[in-house]
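Following my numbering, the residues of the sequence shown are numbered contiguously, the last one being 1442. Just below is one structure, and these are the notes that go with it.
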Amino acid sequence: MGSAWHAVLDVLEVHLDGREVGWSVWDREAELRDEYAQAMG
């Protein structure tokens, strides 16, 4: 769940910077999922 929020915040950051998001929020979440799983034990 944390990785999904992280991915959404990444999208928000890109939009606020005036850039175009060139990736799927779910692809980004998948990239972050393992990092969050390791951090949470």
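Just so it is clear, CB atoms sit at the ideal spot from N, CA and C, and this is done for glycine as well. Small disclaimer: the values here were computed from a predicted structure and weren't measured.
Using a 10 Å radius around the Cβ and a threshold of 16 neighbouring Cβ atoms, would you call E1430 buried or exposed? The residue in question, E1430, is buried, as its Cβ has 16 or more Cβ neighbours within 10 Å.
Determine the extent of the alpha helix (DSSP H) in which D1428 is found, giving its start and end residues. Secondary structure note for D1428: its alpha helix (DSSP H) is the uninterrupted segment V1426 to M1441.
Enumerate in chain order the residues of its own chain whose CB-to-CB distance from R1434 is below 8 Å, with the five nearest sequence positions on each side excluded. For R1434, same chain residues with a beta-carbon under 8 Å away, outside a window of 5 residues either side, are S1404 in chain order.
What's the gap between the Cα of M1441 and the Cα of M1402? The alpha-carbon atoms of M1441 and M1402 are separated by roughly 11 Å.
Roughly how many angstroms lie between the CA atoms of H1416 and E1432, to the nearest whole one? Whole-angstrom Cα-Cα distance: 20 Å.
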